[in-house]
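Engineer: Under the UniProt record's numbering, the very last position in the sequence shown is 363; numbers go up by exactly one each time.
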Amino acid sequence: MNLLKGPSARAAAGFAGSAVVLFALAPLVLSDFRLGLLAKYLCIAMVAVGVCLAWGRGGLLTLGQGVFFGLGGYAMAMHLKIADAGPGNLPDFMQLYGTATELPWWWQPFANPLFALAATVLLPMAVAAVLGSFIFRRRVKGAYFAILSQALAAAFAIWLIGQQATTGGTNGLTDIQGFFGYALDDPVNQRMVYFVIAAALLLLIALARQLIHSRYGELLVAVRDSEERVRFLGYDPANVKLVAYVVAAGMAGLAGALFVPAVGIISPALIGIVPSIEFVIGAAVGGRASLVGAVLGAVAVAWAKTALSEEFPAAWTYFQGLLFIVALAFLPGGLASLAGIVRRRRATAEEKKAAVIPVGEAA
Numbered sequence: 001m002n003l004l005k006g007p008s009a010r011a012a013a014g015f016a017g018s019a020v021v022l023f024a025l026a027p028l029v030l031s032d033f034r035l036g037l038l039a040k041y042l043c044i045a046m047v048a049v050g051v052c053l054a055w056g057r058g059g060l061l062t063l064g065q066g067v068f069f070g071l072g073g074y075a076m077a078m079h080l081k082i083a084d085a086g087p088g089n090l091p092d093f094m095q096l097y098g099t100a101t102e103l104p105w106w107w108q109p110f111a112n113p114l115f116a117l118a119a120t121v122l123l124p125m126a127v128a129a130v131l132g133s134f135i136f137r138r139r140v141k142g143a144y145f146a147i148l149s150q151a152l153a154a155a156f157a158i159w160l161i162g163q164q165a166t167t168g169g170t171n172g173l174t175d176i177q178g179f180f181g182y183a184l185d186d187p188v189n190q191r192m193v194y195f196v197i198a199a200a201l202l203l204l205i206a207l208a209r210q211l212i213h214s215r216y217g218e219l220l221v222a223v224r225d226s227e228e229r230v231r232f233l234g235y236d237p238a239n240v241k242l243v244a245y246v247v248a249a250g251m252a253g254l255a256g257a258l259f260v261p262a263v264g265i266i267s268p269a270l271i272g273i274v275p276s277i278e279f280v281i282g283a284a285v286g287g288r289a290s291l292v293g294a295v296l297g298a299v300a301v302a303w304a305k306t307a308l309s310e311e312f313p314a315a316w317t318y319f320q321g322l323l324f325i326v327a328l329a330f331l332p333g334g335l336a337s338l339a340g341i342v343r344r345r346r347a348t349a350e351e352k353k354a355a356v357i358p359v360g361e362a363a
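1) Quick one: does R139 have its CB under 8 angstroms from some CB of chain C?
2) Within the same chain, show all residues whose beta-carbon is closer than 6 angstroms to that of L219, passing over the 5 residues directly before and after it, in chain order.
3) Along the chain, which unbroken stretches of the alpha helix (DSSP H) at least 4 residues long are found entirely within the region 64-145?
4) Taking the Cβ atom as the reference point for each residue, do A48 and G282 lie within a distance shorter than 8 angstroms?
5) So is Y182 buried or exposed if we call it buried at 16+ other beta carbons inside 10 Å?
6) Specify the secondary structure class of residue 378 as computed by DSSP and reduced to three states.
7) Rounded to a whole number of angstroms, what is the C-alpha to C-alpha distance between V193 and V326?
8) Which of the three DSSP states is assigned to A155 in this structure?
9) Taking buried to mean at least 16 other C-beta atoms within 10 Å of its own C-beta, is Q108 buried or exposed?
10) Which residues in the same chain as G6 place their Cβ atom closer than 6 angstroms to its Cβ, once the five residues preceding and following it in sequence are excluded?
11) According to DSSP, simplified to helix, strand and coil, what is I266?
12) Assuming F69 and A255 form a contact by the criterion Cβ under 8 angstroms, report the distance between their Cβ atoms to the nearest whole angstrom.
13) My output table needs one value for Y235: the three-state DSSP class, helix, strand or coil.
14) Cα-Cα, which of S18, W55, Q210, P27 is closest to S332?
15) Assuming contact is defined by CB atoms lying nearer than 8 angstroms, are L291 and R209 in contact in what I supplied?
16) Mind reading off the beta-carbon distance from G66 to G272? Whole number of angstroms is fine, and I expect it under 8 angstroms.
17) Nearest to residue 369 by CA position, among S18, L30, G178, D92, is which residue?
18) Please confirm whether A300 and V285 have their CB atoms less than 8 angstroms apart.
19) Can you tell me whether A300 is helix, strand or coil according to DSSP?
20) Pop quiz: V246 and A128 are said to be a contact at Cβ under 8 angstroms. What is the actual Cβ separation, rounded to whole angstroms?
21) Taking A146 as the reference, give the member of L308, A298, I277 with the closest Cα.
22) Can you give me the C-alpha to C-alpha distance between A75 and T101, rounded to a whole angstrom?
23) I'd like to check one pair, I197 with A77: are the Cβ atoms closer than 8 angstroms?
24) Can you name, in chain order, every residue of its own chain whose Cβ lies under 7 angstroms from the Cβ of A362, other than the five neighbours on each side?
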């Protein structure tokens, strides 16, 4: 099946150009440190792809993507910590606290790499399926859905903090040394992780584009615009929204899983309320209805956070909130909509100019 079925030649060329930039240009011009930062930003952009599908196309303001990002991240980190410890040994933080003599039962399946890989995507999707079924079938939507999803992110982060002996508590799972047998302190392996992340991002963009341009994508937009009309036509809006919610959760889970080897840590501070809002801000600034806009917006906001939070750590959170408000209030379509706005205004001006009849011709 052709994942790029339906897009224009310009979009296909843009996709190919993005691949060239990510796989050829970026590794050539960026240092290992900067390339590692870009890998982190691309993981955040992967979450933005799911936000674009769920919020931009389906109208689901998902302020709880940190939960699914965290589920994928912890699933990956648990396996990598077990692998770092070696056969028969406990992860280092469990030895430090001295409260466990053997691996907890719910950690044990993650010793299997295939199980851990599958869990990074399937576990977030399963949780989203259960929660989404409960929420959408009760017709919870709008601000109520956003608040409920944010409360879920807060509850998950608090639970993780309380499980000091088994999840690392506030510190989380840190000091990840290897990635399926590859030492992460080797710059060559760090570049390999970057290439894996870049390939995963392009794959998710292609998958999301296929969904958007399919019959399902049209139905998702119809549910966003007029849910009752879709129900009258014989479709169940709850199922339509559930698919988008579950797919977005799987994308966030994969992003969290790849974030772990890129950064070497996963903690409650990376998956709570504030990070969940940050995922949405990037998509809002770039353009939540545009895949390219959402991805570029996510990368830009993540870069701005890295650059500005070092100089203004106390003010960054306020600036981020202001950025979100300004984007929603004055530019709902994000930066991606600027070109369309300019074209429409130019066309309107030309129509008005053409409608004016010179006095000499009228006589």
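Virtual Cβ for every residue (Gly too), placed ideally from N, Cα, C.
Structural biologist: In this structure, then:
1) In the displayed structure, chain C is absent; only one protein chain is listed.
2) Excluding positions up to five away in sequence, the list reads V240.
3) Counting only unbroken stretches of 4 or more residues, the alpha helix (DSSP H) elements lying wholly within the region 64-145 are 65-85, 92-97, 113-136, in sequence order.
4) Closer than 8 angstroms, so yes.
5) It counts as exposed.
6) Any question about residue 378 goes unanswered here, given that the chain covers just 1 to 363.
7) Spanning the two alpha carbons is a distance of roughly 35 angstroms.
8) Residue state for A155 is assigned as helix, using DSSP reduced to three classes.
9) Around the beta carbon of Q108, a 10 Å sphere encloses fewer than 16 other beta carbons of the protein chains shown; the residue is thus reported as exposed.
10) Low per-residue confidence applies at G6: pLDDT is 46, beneath 50, and the placement is therefore not dependable enough to give any value.
11) Strand.
12) Taking the Cβ atoms as the reference, F69 lies roughly 6 angstroms from A255, within the contact range of under 8 angstroms.
13) DSSP places Y235 in coil when its eight states are reduced to three.
14) Position check: residue 332 holds Pro in this sequence, whereas Ser was assumed. Among S18, W55, Q210, P27, the Cα nearest to that of P332 belongs to W55.
15) Yes, Cβ-Cβ distance for L291 and R209 is below 8 angstroms.
16) In this structure G66 is in contact with G272, their Cβ atoms being roughly 6 angstroms apart against a cut-off of 8 angstroms.
17) Absent from the model: residue 369. The displayed extent of the chain is 1 to 363, so no value can be given.
18) Yes, they are a contact pair.
19) It is helical.
20) Contact annotation, V246 with A128: C-beta distance approximately 5 angstroms; criterion of less than 8 angstroms satisfied.
21) In this structure, I277 is the residue among L308, A298, I277 with its C-alpha nearest to the C-alpha of A146.
22) Just so you know, the alpha carbons of A75 and T101 end up roughly 21 angstroms apart.
23) Annotated as distal: A77 and I197, with beta-carbon spacing of 8 angstroms or more.
24) Bear in mind that the predicted position of A362 carries a pLDDT of just 49, short of 50, making it unreliable; the figure below should be weighed with that in mind. Cβ within range, chain order: n/a, list empty.
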